[in-house]
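First residue of the sequence shown: 1499, per our numbering; consecutive thereafter. Data first, discussion second: the structure below is written as structure tokens.
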Amino acid sequence: MIDTKHQIRFNPENCVGCKLCYKACFVDVIRWDEEKKRPVFKYVEDCEHCFYCEAMCKKGCIEVVPNYESEKLLQTFDRYL
Ligand code: SF4
Ligand code: SF4
């Protein structure tokens, strides 16, 4: 496993449980806690840095913070160079 030191910051204070972040994540990093009606972030190292979840959350609860020096992220950029 590659250690990306990638972070997804979640502030539940303004979360309204709309599930849009959960539906936006195509790599299964965001799961859903049906009981608490809140997203759960798992396997953050698999995040593809698409920022969809952050963009979808109109309440500003999610901040995707990529580690721009990570091996995985550099591999992603290599594809487009
Ligand atoms: S940035 Fe993209 S891949 Fe990463 S958790 Fe958000 S929606 Fe999923
Ligand atoms: S999109 Fe934002 S408000 Fe909606 S469930 Fe996700 S974190 Fe909560």
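By construction, the Cβ of each residue, glycine as well, lies at the ideal position given by its N, Cα and C atoms. Owing to the predicted nature of the structure, the values given are computational and were not obtained by experimental measurement.
Out of the options, which has the shortest C-alpha to C-alpha gap to residue i?
i       : options                            : result
Val1542 : Lys1534, Asp1531, Val1525          : Val1525
Lys1521 : Ile1506, Glu1561, Glu1546, Met1554 : Met1554
Go through its chain and collect everything with a Cβ distance to residue i's Cβ below 8 Å, but skip five positions before and after it.
i       : result
Val1538 : Ile1528, Arg1529, Trp1530, Asp1531
Pro1510 : Arg1536, Cys1559
Cys1523 : Tyr1550, Cys1551
Alpha carbon to alpha carbon, how far is residue i from residue j?
i       : j       : result
Cys1516 : Lys1534 : 12 Å
Cys1548 : Val1514 : 22 Å
Once the 5 residues before and after residue i are set aside, which same chain residues still bring their CB inside 7 Å of it?
i       : result
Asn1512 : Lys1557, Gly1558, Cys1559
Only counting the same chain, and skipping five residues up and downstream in sequence, which positions put a Cβ closer than 6 Å to that of residue i?
i       : result
Ile1506 : Phe1539, Val1542, Val1562
Contact set, ligand 1 heavy atom to C-beta under 6 Å: In chain order, the hits are Ile1506, Ala1522, Cys1523, Val1525, Val1527, Ile1528, Cys1545, Glu1546, His1547, Cys1548, Phe1549, Tyr1550, Cys1551, Val1562.
Chain-ordered list of residues that sit, by beta carbon, closer than 6 Å to a heavy atom of ligand 2: Taking each Cβ in turn, the ones that pass are Cys1513, Val1514, Gly1515, Cys1516, Lys1517, Leu1518, Cys1519, Pro1537, Met1554, Cys1555, Lys1557, Cys1559, Ile1560.
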